[in-house]
Every structure is written in structure tokens, then in C-alpha cells.
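K.L.:
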Amino acid sequence: MGTYSEAASVREAFSSASWTSGLELRNVGPSVMGGRVVDLAVVADTMYVAYATGGLWKSINHGTTFEPLLEQTCMLGAVDAHPSGRVLVGSGEVNSSRSSYAGDGVYISDNHGATWRHAGLEGSHHIGRVIIDNMNPDRMWVAALGELYSDNFGGAIYRTEDGGQNWESVLTVPTSTKKKVVGFVDMVADDTDPNHLFAASWDRTRRAHDFTEGGTGSGIWESTDGGDNWSRISSDSNFPEGADAGRIGLSYHSATQTLFALLDNQAAPADQPDENTEEGALKALDFLEMNEESFGLLDNSKLQEFLDREGFDQADSAASVKARISAGSLKPRALHDYLTDGNRALFEAEIVGPELYRYRVPQRSISNEKATPAAVNLLAQGQSASEADEGKWVKTHAKPLEDVCYTYGYYFGTVSVDPSNASVIYIAGVPLLKSTDGGANFTSVGAANVHVDHHKLWVDPANPNHLINGNDGGINVSWDGGANWIKCNSPSVGQFYAVEVDEANPYRIYGGLQDNGTWVGDNDHRESPAWHQTGHHGFTAIGGGDGMQIEVDCRNNDVVYTGSQFGWYMRTNRNT
Numbered sequence: 005m006g007t008y009s010e011a012a013s014v015r016e017a018f019s020s021a022s023w024t025s026g027l028e029l030r031n032v033g034p035s036v037m038g039g040r041v042v043d044l045a046v047v048a049d050t051m052y053v054a055y056a057t058g059g060l061w062k063s064i065n066h067g068t069t070f071e072p073l074l075e076q077t078c079m080l081g082a083v084d085a086h087p088s089g090r091v092l093v094g095s096g097e098v099n100s101s102r103s104s105y106a107g108d109g110v111y112i113s114d115n116h117g118a119t120w121r122h123a124g125l126e127g128s129h130h131i132g133r134v135i136i137d138n139m140n141p142d143r144m145w146v147a148a149l150g151e152l153y154s155d156n157f158g159g160a161i162y163r164t165e166d167g168g169q170n171w172e173s174v175l176t177v178p179t180s181t182k183k184k185v186v187g188f189v190d191m192v193a194d195d196t197d198p199n200h201l202f203a204a205s206w207d208r209t210r211r212a213h214d215f216t217e218g219g220t221g222s223g224i225w226e227s228t229d230g231g232d233n234w235s236r237i238s239s240d241s242n243f244p245e246g247a248d249a250g251r252i253g254l255s256y257h258s259a260t261q262t263l264f265a266l267l268d269n270q271a272a273p274a275d276q277p278d279e280n281t282e283e284g285a286l287k288a289l290d291f292l293e294m295n296e297e298s299f300g301l302l303d304n305s306k307l308q309e310f311l312d313r314e315g316f317d318q319a320d321s322a323a324s325v326k327a328r329i330s331a332g333s334l335k336p337r338a339l340h341d342y343l344t345d346g347n348r349a350l351f352e353a354e355i356v357g358p359e360l361y362r363y364r365v366p367q368r369s370i371s372n373e374k375a376t377p378a379a380v381n382l383l384a385q386g387q388s389a390s391e392a393d394e395g396k397w398v399k400t401h402a403k404p405l406e407d408v409c410y411t412y413g414y415y416f417g418t419v420s421v422d423p424s425n426a427s428v429i430y431i432a433g434v435p436l437l438k439s440t441d442g443g444a445n446f447t448s449v450g451a452a453n454v455h456v457d458h459h460k461l462w463v464d465p466a467n468p469n470h471l472i473n474g475n476d477g478g479i480n481v482s483w484d485g486g487a488n489w490i491k492c493n494s495p496s497v498g499q500f501y502a503v504e505v506d507e508a509n510p511y512r513i514y515g516g517l518q519d520n521g522t523w524v525g526d527n528d529h530r531e532s533p534a535w536h537q538t539g540h541h542g543f544t545a546i547g548g549g550d551g552m553q554i555e556v557d558c559r560n561n562d563v564v565y566t567g568s569q570f571g572w573y574m575r576t577n578r579n580t
């Protein structure tokens with residue numbers, strides 16, 4: 005284990021010597037808002053839920069209650085489970101966000117999570133998917149993404165055939181510079197043939213000052229011999245590759261031998277008319293690279309129309325703005341920057357965004373035993389024979405998938421197909437989308453009690469109306485195909501960016517959470533389901549978005565300063 009075990013030993017020594025080691029800690033919650041789910045696995049009536057920084061939890065009563073497992077680590081990326089009792093966990097979140105923390109390899113339990121052993125792969129850092137062979141639990145695969153903020157040397161597909169005692173790298177993808185490798189973000193296995201595997205590589209580079217979300221190393225790979233040999237199938241017809249190919253999510257429908265791939269396409273879209281402006285009207289993006297000479301040649305009436313439409317001050321007339329730019333006191337791009345902030349840029353930058361493709365695996369006939377009418381429904385929805393050709397990639401939708409992932413598809417990127425009906429497909433993005441026509445059209449299946457930003461959806465193979473959804477707000481369960489949901493947030497698993505206390509007596513505790521706002525509660529709060537009866541929870545939300553730093557005015561304890569993403573701060577008087 006090398007430097008990883010050594011570092012852990014040093015940390016334990018420091019903790020033991022700290023003055024805090026003698027303190028008795030108590031959980032004050034809160035659990036009402038949940039926390040970010042990255043993966044889940046279901047075996048019979050047992051549900052395993054992996055949280056980004058909240059550890060692994062198990063429920064044996066459909067999410068009514070949960071118990072914590074795996075105390076050795078809390079930063080998780082993936083989980084899989086087998087009926088034999090084996091549970092495989094990959095540590096380190098794969099979403100590649102600023103708050104995605106690295107792990108220290110994989111952990112294995114052979115008794116449904118009661119006890120655990122560390123099973124290596126310490127250099128994997130971030131793990132996108134783990135798979136246990138459904139016919140031989142001693143054989144397992146790990147899709148490792150590798151390092152996030154440094155050159156990547158740990159990204160690979162790893163395999164063990166002896167229960168995790170030894171691992172071998174069976175697939176690596178070098179970058180063009182060959183100074184590092186490309187990692188793997190997703191992987192799926194054929195339920196009827198575990199030797200048949202698909203893996204998605206993701207070429208991305210994050211630094212403190214920059215993030216490149218795609219690259220030429222992003223692609224899709226297939227193996228038909230358990231991982232001994234691989235071929236890159238995304239190089240076949242019609243699947244976008246190149247510098248703009250971002251994160252890829254996979255889902256395989258065994259009965260129809262159809263692979264679905266959700267691509268975060270970072271390419272600029274083909275020119276399309278803006279529905280909100282007349283043809284030829286000026287837009288903020290027009291000024292981003294415009295020089296002073298070109299600005300001076302703009303038609304004054306068009307410039308004035310732009311200023312009025314975007315709500316500029318009445319004193320900022322076309323003539324006055326031109327005069328300021330001519331005098332050098334203002335640059336043309338200032339008009340763009342005035343209308344743009346970090347949060348707006350996330351939602352309004354012009355890229356193609358998410359695209360869903362399907363791929364009929366060639367030369368693998370559909371078994372009559374598996375090809376029920378529901379299973380082959382994909383081919384019975386009026387699609388032409390050319391669209392269903394084997395060995396070709398086909399985009400399932402004609403219209404863009406708008407308002408799904410915006411510019412940050414790196415944070416989502418999962419797709420799930422109903423095992424009993426390949427025409428029913430779910431896409432996890434900011435909203436949770438459902439298609440009943442093979443991906444041609446999608447509708448939202450979210451609800452008022454379902455948090456946005458979705459990362460995982462499980463479809464019950466025995467009852468396709470039974471869904472389990474993991475999102476930034478925890479776990480939701482539906483029993484009617486997404487028409488209605490219940491929220492299952494009993495664990496206290498929120499990801500806190502900052503905490504604060506005030507000077508009141510008794511004092512109150514404040515916390516800013518990832519995508520769950522800012523909350524305040526009494527210091528003697530005890531987590532209990534009793535609030536379901538009274539309607540009063542001990543913690544109250546006082547801010548939205550990504551809750552950040554908090555400061556309380558100690559003179560009265562009522563004025564609170566709270567922050568959220570991209571430097572947004574506000575002052576709240578809790579008495580007014």
C-alpha cells in the first residue's frame with residue numbers, strides 16, 4: 005500500500021495525539037436535506053447507497069431506515085453487490101467537480117457489509133464503476149478514472165479473478181503526449197454473458213484555474229472475452245469523437261443487445277436562430293471578441309435595441325457607449341461581461357450538450373428466450389430498418405436535449421434503460437428525464453419533493469415501475485414509473501462546506517452544504533422521525549444553492565451573512 009498506508013498511519017498518530025481525541029462527539033444532524041448520492045446497488049430487498057462524502061449505507065426495508073457501513077472511508081464513487089453477500093466498493097467520486105474527493109482504492113465485504121477488507125488499487129484515486137461477475141463473484145472489474153488535479157497515471161480497467169487478492173490492468177488508453185493515461189468513467193456488463201463488457205474512457209484535465217471537459221481519448225470500448233482484448237467501437241460510424249468528446253455514460257439492454265451511450269458533447273452547435281431575438285439582432289456573445297473598429301461600425305439602431313432589451317441604464321445610449329469605446333475608457337467585451345457571471349455562464353454557454361446514441365451489437369443474434377414482445381419493443385416503434393442496423397451508432401433524438409446538463413455534463417452523465425423494455429430510457433441530468441419511445445422524446449419525471457441534479461437511477465428488473473433515484477438531495481423511490489416519489493432521507497450525510505455558531509444562549513449551529521443551501525438549528529437537536537408528525541424540524545433553511553461560508557453578527561445573533569456559489573453573498577435579518 006506504500007505511501008497511502010503510511011499517510012494514513014501518520015494521520016492516525018496525529019489524531020490520537022490531538023487535544024480533540026478525548027472529546028465525545030454527538031450527531032446533531034441534520035438529515036432533512038440529504039446529501040449527494042453517487043451510486044447504488046440493489047440485491048433482492050437490500051439497497052446499498054454510496055454517497056460522495058457520506059459513506060456507504062444499507063436499507064433492508066425499501067428505504068424506510070438505513071444503517072451505516074464501511075467506517076474506513078467516506079469518499080465513495082461506486083458500489084456493486086452480489087446475492088452471495090459480496091459487496092464491492094470503489095472509493096473516490098468520479099464526477100470531477102471541485103468538491104469531488106479522491107479515495108484510496110477498493111473495499112470488499114463478504115458478509116453483506118458487516119465487515120470489510122481493503123483490497124488494493126490505492127492509486128486509482130477516483131472510481132467510476134465497479135462490477136461483480138454475476139456468475140462468479142471472485143471475478144470483478146473496476147473502471148478507474150485516476151487523478152483529478154494532476155497528470156493521470158491511475159486510470160485503467162482493472163480485473164481480479166481471485167476475489168480481490170490480485171489485480172491486473174486489462175485496458176489503458178494513453179494520451180497523445182503519452183505522459184499520462186486517460187481514465188474510465190463508466191462500465192457495463194451483459195447480464196446474460198459477463199464476458200461481454202463495455203467501458204467508457206473520459207479524457208479530461210482539471211486544474212485549479214481551468215477545466216478541459218473533453219478530449220480525443222474519450223471513447224467506448226468493447227470486450228467479448230472478459231477483458232482480455234478490447235476494441236474501440238466509438239470509432240465506428242456516426243459517434244462524435246475528438247477534442248470535444250466529454251463524459252460518456254453507458255447502459256446495456258441484454259435482450260435486444262443494444263448499447264445506449266449518453267455523450268457530453270462540448271462542441272459548438274451549428275448556427276441556429278435564437279427564438280428570443282429577431283434574426284440579425286445583437287447578442288452578448290457578439291461583443292466577446294469584437295474590436296473597437298468593428299464596434300464603431302455597428303448600426304446605432306441595432307445597438308440601441310440590444311441595450312434596451314438587456315436592461316442597460318437609460319443613460320447608456322448607443323451614441324454614448326460608442327463614444328466611451330472610441331475614447332478608450334471602455335472595451336466592447338464589457339457589454340458581454342456586464343451581462344455574464346459564473347453562474348450564468350454555466351447555463352448559457354453555447355455547446356451541443358448531452359446527446360443519446362444507441363448501438364446494435366453486430367453478429368450477436370437475439371435469443372428467443374430473451375426476446376419478449378416488451379424487450380424488442382425498441383424495434384417496433386416505427387423505426388426504419390436502416391436506423392436499427394447493427395454496428396452503427398444512431399442518435400435517438402432529432403431535437404437538442406436542452407436544459408438537461410447545460411455546460412457541466414461532467415457532473416452527471418448516466419443513462420438507464422428499463423431491462424424489460426428497451427424503449428423506456430432514463431437520463432440523469434439537472435432534471436430526471438424519461439422516454440417511452442426509444443429516446444426520441446423525453447419528459448421530466450421530477451417532483452416537488454425530488455431534488456435536482458441526478459446521478460443514478462435503478463430500474464427494478466422484476467417491476468419496471470419500481471425506481472430508485474440518487475441525486476444531490478439523497479434517495480427518492482417511486483412505485484409508479486416516476487409519476488410520484490417518496491423521499492428516503494434518514495441518514496445525516498450532507499456535505500458541509502462550512503459551519504459556524506452564534507453567541508446566543510443556548511447557541512445555534514449554522515452550516516453551508518453542497519447544493520442544499522444554508523441551514524441553522526439548535527445545538528441540542530436530536531435527529532428523530534418525530535418531525536414527520538409535528539411538522540417542525542429542528543433545522544431551518546436560510547439560504548439556497550451551494551451553501552458556503554457563514555458569519556453571524558455577534559451583537560444580536562439575528563443578522564446572518566451567508567454565501568453561495570460563484571461569490572454570491574447576502575445579509576439576512578432572521579427577525580424581519
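Note that my numbering has the sequence shown beginning at 5, numbered continuously upward.
Where a beta carbon is used, it is the ideal one built from N, C-alpha and C, also for glycine.
Keeping to the same chain, check which residues put their C-beta closer than 8 Å to that of Asn-372; ignore five residues upstream and five downstream.
P.N.:
Any reading at Asn-372 must be qualified, since the residue scores a pLDDT of 38, below 50, and its modelled position is unreliable; no value is offered.
K.L.:
Taking the alpha-carbon positions, what's the Gly-218 to Ala-249 distance?
P.N.:
5 Å
K.L.:
In three-state terms, what does DSSP make of Val-14?
P.N.:
helix
K.L.:
Taking buried to mean at least 16 other C-beta atoms within 10 Å of its own C-beta, is His-455 buried or exposed?
P.N.:
buried
K.L.:
Restricting to Cα atoms, I'd like to know which of Ala-265, Asp-441, Arg-559 and Gly-96 is closest to Pro-358.
P.N.:
Ala-265
K.L.:
Could you give the DSSP three-state label for Leu-44: helix, strand or coil?
P.N.:
strand
K.L.:
With a 10 Å radius around its C-beta and 16 neighbouring C-beta atoms as the bar for buried, classify His-116 as buried or exposed.
P.N.:
buried
K.L.:
Please state the DSSP three-state secondary structure of Tyr-361.
P.N.:
strand
K.L.:
Is it true that the CB of Asp-562 sits closer than 8 Å to the CB of Asn-579?
P.N.:
yes
K.L.:
Report all residues from its chain with a CB closer than 6 Å to the CB of Asn-480; omit the five preceding and five following residues, and keep chain order.
P.N.:
Val-454, Asn-473, Trp-489 and Lys-491
K.L.:
Would you call His-540 buried or exposed, if buried means 16 or more other Cβ atoms sit within 10 Å of its Cβ?
P.N.:
Under the 10 Å beta carbon count, His-540 is surrounded by fewer than 16 other beta carbons and is classified as exposed.
K.L.:
Roughly how far, in whole angstroms, is the beta-carbon of Gly-525 from the beta-carbon of Val-32, given that I think they are within contact range, below 8 Å?
P.N.:
7 Å
K.L.:
Would you identify the three-state DSSP class for Arg-90, choosing helix, strand or coil?
P.N.:
coil
K.L.:
Helix or strand or just coil, what does DSSP make of Glu-28?
P.N.:
coil
K.L.:
Under 8 Å by Cβ, that's how I've got Trp-206 and Ser-222 pegged, so tell me the actual separation to the nearest angstrom.
P.N.:
That pair is a contact at about 5 Å.
K.L.:
Quick check on the burial criterion: 16 or more other C-beta atoms within 10 angstroms. Buried or exposed for Leu-382?
P.N.:
Residue confidence for Leu-382 is low, a pLDDT of 46 falling below 50, so the modelled location carries little weight; the figure read from the coordinates is stated next. Result: buried.
K.L.:
Return the residue from the list Phe-543, Glu-71, Gln-553 and Asn-493 that minimises the CA-CA distance to Glu-504.
P.N.:
Gln-553
K.L.:
What number of angstroms, rounded off, separates the C-alpha of Leu-80 from the C-alpha of Gly-107?
P.N.:
Cα to Cα, Leu-80 sits roughly 7 Å from Gly-107.
K.L.:
Measure the C-alpha to C-alpha separation of Ala-12 and His-66 and round it to an integer number of angstroms.
P.N.:
35 Å
K.L.:
Rounded to whole angstroms, what's the CA-CA distance from Phe-157 to Asp-519? Just pull it up for me.
P.N.:
Each residue's CA atom was taken as its position, placing Phe-157 and Asp-519 some 31 Å apart.
K.L.:
Between which two residues does the alpha helix (DSSP H) holding Asp-2 run?
P.N.:
Because the chain here runs from 5 to 580, residue 2 falls outside it and cannot be looked at.
K.L.:
Nearest to Pro-404 by alpha carbon, out of Thr-24, Pro-273 and Leu-27?
P.N.:
Pro-273
K.L.:
Nearest by alpha-carbon distance to Pro-38: which of Val-53, Ala-48 and Thr-24 is it?
P.N.:
According to the sequence shown, residue 38 is Gly rather than Pro. For Gly-38, the nearest C-alpha among the options comes from Val-53.
K.L.:
Should Leu-27 go down as buried or exposed, given a rule of 16 or more other Cβ atoms within 10 Å for buried?
P.N.:
exposed
K.L.:
Report all residues from its chain with a CB closer than 6 Å to the CB of Met-144; omit the five preceding and five following residues, and keep chain order.
P.N.:
In its chain, beyond the 5 residues on either side, Leu-92, Ile-136 and Thr-164 have a beta carbon closer than 6 Å to the beta carbon of Met-144.
K.L.:
With a floor of 3 residues, list each beta strand (DSSP E) that falls wholly inside the segment 458-546, ordered by position along the chain.
P.N.:
458-463, 471-475, 478-482, 500-505, 512-517 and 521-526
K.L.:
Flag this pair as yes or no: are the beta carbons of Ile-224 and Ser-238 separated by less than 8 Å?
P.N.:
yes
K.L.:
Helix, strand or coil for Lys-438? Go by DSSP, reduced to three states.
P.N.:
strand
K.L.:
Can you tell me whether DSSP reads Ala-384 as helix, strand or coil?
P.N.:
Because the pLDDT at Ala-384 is just 46, under 50, the model does not fix this residue reliably, and the value given afterwards should be weighed accordingly. Correct three-state label for Ala-384: helix.
K.L.:
Going by other Cβ atoms of all chains shown within 10 Å of its Cβ, with 16 needed for buried, is Asn-170 buried or exposed?
P.N.:
exposed
K.L.:
I'd like the list of long-range same chain contacts for Ala-212, defined as Cβ closer than 8 Å, with 5 residues on each side in sequence excluded.
P.N.:
Tyr-153
K.L.:
Near Tyr-414, what residues of its chain come up, given a Cβ to Cβ distance below 8 Å and the 5 sequence neighbours on each side ignored?
P.N.:
Asn-99, Ser-100, Ser-101, Arg-208, Phe-215, Glu-217, Gly-250, Arg-251 and Asp-268
K.L.:
Hey, Arg-362 and Glu-394: beta-carbon distance below 8 Å or not?
P.N.:
no
K.L.:
Apart from the five residues on each side of it in sequence, which residues of its chain come closer than 6 Å, Cβ to Cβ, to Asp-464?
P.N.:
His-470
K.L.:
Is the beta carbon of Phe-299 less than 8 Å from the beta carbon of Tyr-256?
P.N.:
The answer is no: Cβ separation not under 8 Å.
K.L.:
With a threshold of 8 Å, are at least 3 pairs of Cβ atoms found where one atom belongs to the segment 440-451 and the other to the segment 282-294?
P.N.:
no
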